[in-house]
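Chains A and B are the protein sequences, given in the same order. Letter by letter, the first sequence follows residues 1 to 116 in our numbering. Letter by letter, the second sequence follows residues 1001 to 1109 in our numbering. Below is one structure, written out as structure tokens; the observations come after it.
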Amino acid sequence: ETGVTQTPRHLVMGMTNKKSLKCEQHLGHNAMYWYKQSAKKPLELMFVYSLEERVENNSVPSRFSPECPNSSHLFLHLHTLQPEDSALYLCASSQDRRTGGIYGYTFGSGTRLTVV
Amino acid sequence: DQQVKQNSPSLSVQEGRISILNCDYTNSMFDYFLWYKKYPAEGPTFLISISSIKDKNEDGRFTVFLNKSAKHLSLHIVPSQPGDSAVYFCAASADDMRFGAGTRLTVKP
């Protein structure tokens, strides 16, 4: 148990579908992150939330829409995705942004997304 | 703009020998450097970090070396064990964390 739980573990969706990825942490962390991992590429930072406010949107297309309703939950809403969006989506959390950069993030196991 | 680079996609070593994983970075504003380990079907797990004001940090079998002038860091694992077989990600942080593409380490019995 990593402390960060992501659901679902696997998701197959069509290009016209709407789906959501869920991330949950009960570590008392105040910062949460979405990363995308494509094959043989670095983890790409997508969104950063600090104290439930979005503080960074790393030039992510609008077909990805994050939501942070409280400090324990983070969602990534997906709509009209493209096949090239198929990847592993990882959620992470840290006590705060600064501490995370020093002591590391706690990652979930990820959602393997396939867009068909 | 890839600020953190791991140029070796894979590395294979014999059990008991040293594993050396390398990482280069471009942004001199990074002030902490971290290594993560990732097993299949799991998220990355934090392994060890080093502040930019140090050149070495050791934790058991794992040692990270930082060469700021060369913008290079390395992770040494001694002795390597089969359970160390995983993908290792180098990361660097300023405001947020940037990752390399990972190196797959295989330790052969």
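Don't be surprised by glycine CBs; every beta carbon is placed ideally from N, CA and C.
Item to check | Alpha-carbon spacing of CYS68 of chain A relative to THR111 of chain A, whole angstroms | outcome: As a first step, residue 68 of chain A is located in the first sequence; it is residue number 68 there, counting from the start. As a first step, residue 111 of chain A is located in the first sequence; it is residue number 111 there, counting from the start. Between CYS68 of chain A and THR111 of chain A, the C-alpha separation is close to 17 Å.
Checklist entry - Going by alpha carbons, who is nearest to THR117 of chain A out of B:ALA1101, B:GLY1102, B:SER1093? => result No statement about residue 117 of chain A is possible, as the shown extent of chain A runs from 1 to 116 and does not include it.
Checklist entry - GLU118 of chain A by DSSP, collapsed to three states: which one? => result Here chain A comprises residues numbered 1 to 116, so residue 118 of chain A is not present and cannot be evaluated.
Checklist entry - Between LEU21 of chain A and chain B, is there a C-beta pair that is closer than 8 Å? => result The residue you call residue 21 of chain A lines up with position 21 of the first sequence. It does not; no Cβ of chain B falls within 8 Å.
Checklist entry - Taking only beta-carbon atoms, is GLU53 of chain A less than 8 Å away from chain B? => result Mapped onto the first sequence, residue 53 of chain A falls at position 53. By this cut-off, GLU53 of chain A is not an interface position.
Checklist entry - In three-state terms, what does DSSP make of PRO69 of chain A? => result Here the question's residue 69 of chain A lines up with position 69 in the first sequence. PRO69 of chain A: strand per DSSP, three-state reduction.
Checklist entry - So, is the C-beta of SER59 of chain A closer than 8 Å to a C-beta in chain B? => result To locate residue 59 of chain A, count along the first sequence from 1; it is residue 59. False, the Cβ-Cβ gap to chain B never drops below 8 Å.
Next on the checklist: Measuring alpha carbon to alpha carbon, tell me which residue in A:PHE64, A:ARG54, A:SER93, A:HIS79 is nearest PRO1044 of chain B.
Outcome noted: Position 44 of the second sequence holds residue 1044 of chain B. For the residues A:PHE64, A:ARG54, A:SER93, A:HIS79, the minimum Cα distance to PRO1044 of chain B belongs to A:SER93.
Item to check | Short CB-CB distance (under 8 Å) between GLU24 of chain A and chain B | outcome: What you label residue 24 of chain A is simply residue 24 of the first sequence in a count that begins at 1. Chain B contact via Cβ: absent.
Checklist entry - Taking the alpha helix (DSSP H) that GLY1018 of chain B falls in, what are its first and last residues? => result By 1-based counting over the second sequence, the position of residue 1018 of chain B is 18. Gly is not the amino acid found at residue 1018 of chain B; the sequence shown has Ile there. Counting along the chain, ILE1018 of chain B falls outside any alpha helix (DSSP H), and DSSP gives it neither H nor E.
Checklist entry - VAL1064 of chain B versus chain A: which residues are under 8 Å apart at the beta carbon? => result To locate residue 1064 of chain B, count along the second sequence from 1; it is residue 64. Ordered by position in chain A, no residue passes the 8 Å Cβ test against VAL1064 of chain B, which lies about 13 Å from the chain.
Checklist entry - What residues in the stretch 23-48 of chain A bring their beta carbon closer than 7 Å to a beta carbon of chain B? => result LYS40, LYS41, PRO42, LEU43, LEU45, VAL48
Checklist entry - Do you know how far the Cα of VAL116 of chain A is from the Cα of PHE1065 of chain B? => result Along the second sequence, one-based indexing puts residue 1065 of chain B at 65. Along the first sequence, one-based indexing puts residue 116 of chain A at 116. Using only the alpha carbons, I get a separation of about 44 Å.
Item to check | Close-in-space but distant-in-sequence residues of the same chain around SER65 of chain A (CB under 7 Å, 5 per side omitted) | outcome: Taking the first sequence and counting its residues from 1, one reaches residue 65 of chain A at position 65. Closer than 7 Å at Cβ, skipping near neighbours: HIS77.
Item to check | Inter-residue Cα distance where the pair is ALA1101 of chain B and THR16 of chain A | outcome: Translated into positions along the second sequence, residue 1101 of chain B becomes position 101. Translated into positions along the first sequence, residue 16 of chain A becomes position 16. Those two C-alpha atoms are separated by around 30 Å.
Next on the checklist: I want to verify the contact list: residues of chain B whose CB lies under 9 Å from the CB of GLY3 of chain A, in sequence order.
Outcome noted: As a working mapping, residue 3 of chain A is identified with position 3 in the first sequence. Within 9 Å Cβ-Cβ: nothing; GLY3 of chain A doesn't reach chain B, min ~10 Å.
Next on the checklist: Helix, strand or coil, according to DSSP, for ARG98 of chain A in the structure here?
Outcome noted: Here residue 98 of chain A is taken as the residue at index 98 of the first sequence, counted from 1. It is helical.
Checklist entry - Under the rule that 16 or more other beta-carbon atoms within 10 Å means buried, what is ALA1041 of chain B, buried or exposed? => result Stepping through the second sequence from its first residue, residue 1041 of chain B is reached at position 41. Answer is exposed; the Cβ neighbour count stays below 16.
Checklist entry - Who does SER1051 of chain B pair with in a DSSP beta bridge? => result Taking the second sequence and counting its residues from 1, one reaches residue 1051 of chain B at position 51. B:TYR1032, per the DSSP bridge assignment.
Item to check | Distance, LEU1075 of chain B Cα to TRP34 of chain A Cα | outcome: Looking up residue 34 of chain A in the first sequence gives position 34. Looking up residue 1075 of chain B in the second sequence gives position 75. Answer to the nearest angstrom: the Cα atoms are 26 Å apart.
Checklist entry - Since MET1029 of chain B meets chain A, which of its residues come closer than 7 Å, beta carbon to beta carbon? => result As a working note, residue 1029 of chain B is residue 29 in the second sequence. Near MET1029 of chain B there are no residues of chain A at all, since even the closest Cβ is about 12 Å away, more than 7 Å.
Next on the checklist: Give me the chain B residues within the contact set of SER109 of chain A, using Cβ-Cβ distance strictly less than 7 Å, ordered along the chain.
Outcome noted: Within the first sequence, residue 109 of chain A is the residue found at index 109, counting from 1. Under the 7 Å cutoff, chain B gives ALA1041, GLU1042, GLY1043.
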